[in-house]
Every structure is written in structure tokens, then in C-alpha cells.
Amino acid sequence: MRTPTLSRSLPDTAPQQGAGGRRPLIAPYPLLIALLAVALGVSGAPAPLYGVYQREWHLAPITTTLVFAVYAFAALGAVLVAGQVSDRYGRKPLLVGAAVAMVVGLVVFMTAQGVAALFVARALHGAAVGATVVAGSAALLDLRPHDGARTGHLTGIIFNVGMAVTILGASLLAQFGPDPLVTPYAVVGLVVLLLLLNLLLMGETHQVRPSTRIRLARPRVPRAIRHDFRFAVLGVMASWSVLGVYLSLFPAFAGQSTGIHSLVFGGAVVAAMASAAAVSQAFGARFDPRPAAIAGDFGTAVALVVSVLALDSHRAWLVAAAAVFMGLSFGLSFGGSLRHLGRVVPADHRGEVMSAYYVLAYSAMAVPTILAGWAATQWSLAAIFPWFTAAVALACLTAGVLGLAARRPEPLLA
């Protein structure tokens, strides 16, 4: 017997008008896809600039990683309540507030005079991106409730596309623009404002709401999908721990290893990883999400070892090739996990389930990064990076083994 749903989803072909009967310039489904891409771009925009902050403000590695981790913890706090808030009050109000917070955070970055402003800006962006990811993912499923696997697939691709384009663009603007710590944020801010205007004109996707009170509580996963959820979340925790390393430490370390102290090189390495992940997810859709995710877990472990060897070689092309290999494996792991979850999540628990998913993802991103930053302050990045990589590779191997062990047996034929 099916549990009655508390939400009614709008078909993608329904009238999509906001207040005053005006239509957005962009249709709701591609608008939400673009918003998710830009949100992940906002999260990655400072990545190639951390080296500039370190040099100009004489920051220790632990400070840089704490600034990065503030984003992850703020995002974690947002996803704890974003699902319930969007289920209760609708997706649109939360998405509009998140877009405004992104713009404010970018302004704080542009006017920053010290490290305290970086913490404030990253906290704003963490909360905004966390809310956007949860509410936006739920809204996409509202629009196309019977196409969850495809929506999860597109979401995974667009996360990496948005990150790659923004990081590479920020690197180029910082290297050749008038002010490396202002111009990249200003350009990204204009894009967010354009999407915010369209978002204000978009209709609400979630019409019938539960009457339960909103409270800060552990996100719940329906018993019927707990087996699938455990499998999916193992992959995202392993892959996002790697993502945290690449966004906080890898650009600077790649420059030190190769002797190429260029913002464009550091940004291009991370963008190559993200672009390869998008390509991997695009082609990975041809395969069942479960084996794709397991292959990605094992591949990521191998790619981490290759990354250490490439950095030890001091050759730029090997570092770039290792980043591409990492992206291909990361894309399979993250994309397969997200597609699998999107295929099984019940309609009336989308917000809570996506909250639980991203709580664990952001935790896996933040904690290893802080530990690496602390260790780099005590010793050196070159000394601790191989050990840190080995620990993360072991986690990826564990995720792959547990994924194999958790596979459901195929039903016997009569």
C-alpha cells in the first residue's frame, strides 16, 4: 500500500508565472539547473585565489583550510533545515533568499580587508549553496517527478560544469583583470543577479505543504530506502572528501610542485578535474548507477595515488593528466551515487532525504580538509600530502568494498 504524498508536483509544461502574471525569461527547469551550476560555481570561485590571500595576507595553511571549512559547515547547517523549510513553505522563497545571500557574500569578498571578512563571506555562501542544492534538487524533482534518475544525472553533471567554468573564469579574471580579488567576484555576482531576476518571476513548484513544525533535527530516511541510501551516501562521502582537497590545497601545491606560480595554471588544474567529472557523468549515464559508483570509488583511490606520483615528478602535464583521471573517477562515483538515490527517493520525503545526503557529503568535505590544513601548518604540505592522500584513498577503497558487499542479490528466476 503506497503512502499518500503530501506534495503535488507541477508538470514541466504547466504555466510558470510569478507574481503579476509575468513569465521568467528562462523556463523553470533549465533555470533551476543553471542556478545549481552557478551556486556550485560560487562555492569554487575562491579556490584559485587562496594562494593570493596567503601571499598578500601571510596566511598559514590552517587558516586557509578553516576558511574553506566554514563554507562546508555553514552548508551543513543549511541542509539540516532546508529540506523541511522548503517542504513547509515552498521551494521558491528559500531559493530567492539563497540567491540574495550569494550576492551579499560576493560583495563581502570584494570589500574584504582581512581574514574575518573571508570567514563571513564563506559562511554566507555555505548557507546559500546548501539551501540551493537541497531546495533546487527537490524543485527539479517536483517539476519532473517521474524522471528522478535523469534529474539526478543532470544535476551531477551541472555541478561540475558550473565549478569548472567558474574556477577557470575566476583564474583568468584574477590573472588578467584589473583586480584579482575583486573582478572575479563582480562577474559572478552579475550572473547571480540575472538568475535572481528570473527566479522572482518563476512560479512555485511545491503546492501542498505538510503542517508539521520546522525543527532542527537529524534528517530522516524512510526505512524502505535505507539500503539504497547507505550505498549512495558512501560514494558521495568518499568523492567529496577528494573534492575538498582539490578546492583548498591542490592548486597551491600544484604550483609549488611544478614551479608554475600562475593563477591560471592552478585554476586550470582544478577546472580540468571538474570538466572530466562532467564528461564522466555524461557517459556514465549509459551504465547502471550502482556499478558505475562502485567503479568510481575504486578509480578514485587509484587516481589519488597517481596524483602523488605526478606531483613528485614536478611535471605540469603529468599533474594535469592526474587531475583529469581524478575527475573521470570522481564523476562516476558522485554521479552514480546521485542517480541511484534520485531513482528511489519517495516524493513526500524528497527534502528530508536530500538534506541527509548533503549533510554527510559536506561533513566528508570539511573534516579531512581541516586535518590536512592543521598538519600542513605543523610540518609542510609536501610532507603531509602523501599521507593525507593515502588516508582518503583508503576511504575510497572501503566505500567500494562496502558497495560491493551491500549489493542486493538478483531475484531467482522461476
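Residue numbers (the numbering used here): 22 to 435. C-beta: ideal position from N, C-alpha, C; glycine also. Computed from a prediction, not measured in an experiment: that's the story for all the values here.
query                                                                                                                                                      : result
Measure the alpha-carbon distance for L220 versus V155 and round it to whole angstroms.                                                                    : 16 Å
What ranges does the alpha helix (DSSP H) occupy inside the region 298-339, keeping only unbroken runs of at least 4 residues that lie completely in it?   : 310-334
Compare the Cα-Cα distances from Y74 to each of V136, G320 and S296 and report the closest residue.                                                        : V136
Provide the residue(s) that pair with H370 in DSSP beta bridges, ordered along the chain.                                                                  : Note: H370 sits in no beta bridge, so no partner.
Could you check the C-alpha separation between H438 and H248 for me, to the nearest Å?                                                                     : With the chain covering 22 to 435 only, the question about residue 438 has no answer from this structure.
With DSSP collapsed to three states, give me the class of Q282.                                                                                            : A small correction: the amino acid at residue 282 is His; Gln does not occupy that position in the sequence shown. H282 falls in the coil class under three-state DSSP.
Reducing DSSP to helix, strand and coil, say where L27 ends up.                                                                                            : The predicted model places L27 with a pLDDT of 38, which falls under 50 and marks its position as unreliable; any figure quoted below should be read in that light. In this structure, L27 counts as coil in the three-state DSSP scheme.
Between the alpha carbons of W78 and M223, how many angstroms are there, rounded?                                                                          : 42 Å
To the nearest angstrom, report how far apart Q302 and F180 are at their CA atoms.                                                                         : 10 Å
Less than 8 Å separating the beta-carbons of F498 and A387?                                                                                                : The requested residue 498 is not part of the displayed model; the chain covers only 22 to 435.
With DSSP collapsed to three states, give me the class of H227.                                                                                            : strand
DSSP state of V73, grouped into three classes?                                                                                                             : helix
Since I believe T398 is in contact with P82 (beta carbons under 8 Å), could you give me their beta-carbon distance rounded to a whole number of angstroms? : 5 Å
With distances taken Cα to Cα, identify the nearest neighbour of L359 among F252, P272 and H282.                                                           : F252
Can you tell me which of G65, Y71 and P51 puts its alpha carbon nearest to the alpha carbon of H282?                                                       : Y71
Run through the region 386-431 for me and flag every whole alpha helix (DSSP H) of 4 or more residues, listed as ranges in chain order.                    : 402-426
In terms of residue numbering, what span does the alpha helix (DSSP H) encompassing G98 cover?                                                             : P82 to Y110
In chain order, what residues of the same chain lie with their CB nearer than 7 Å to the CB of S158, ignoring the 5 residues before and after it?          : T176 and M375
Taking the Cβ atom as the reference point for each residue, do P407 and G357 lie within a distance shorter than 8 Å?                                       : no
How long is the line joining the alpha carbons of I405 and F351, rounded to whole angstroms?                                                               : 22 Å
Given A142, which residues of its chain have a CB within under 6 Å of its CB, disregarding the five upstream and five downstream residues?                 : G126, V129 and F130
Applying the 10 Å Cβ sphere with the 16-neighbour rule, what's the burial state of P51?                                                                    : exposed
Buried or exposed, going by whether 16 or more other CB atoms sit within 10 Å of the CB of F286?                                                           : buried
G147 and V91 look like a contact to me (Cβ under 8 Å); what is the Cβ gap, rounded to whole Å?                                                             : 7 Å
On a CA-only basis, which of A120, P312, V63 and T132 is nearest A426? Give me that one, please.                                                           : P312
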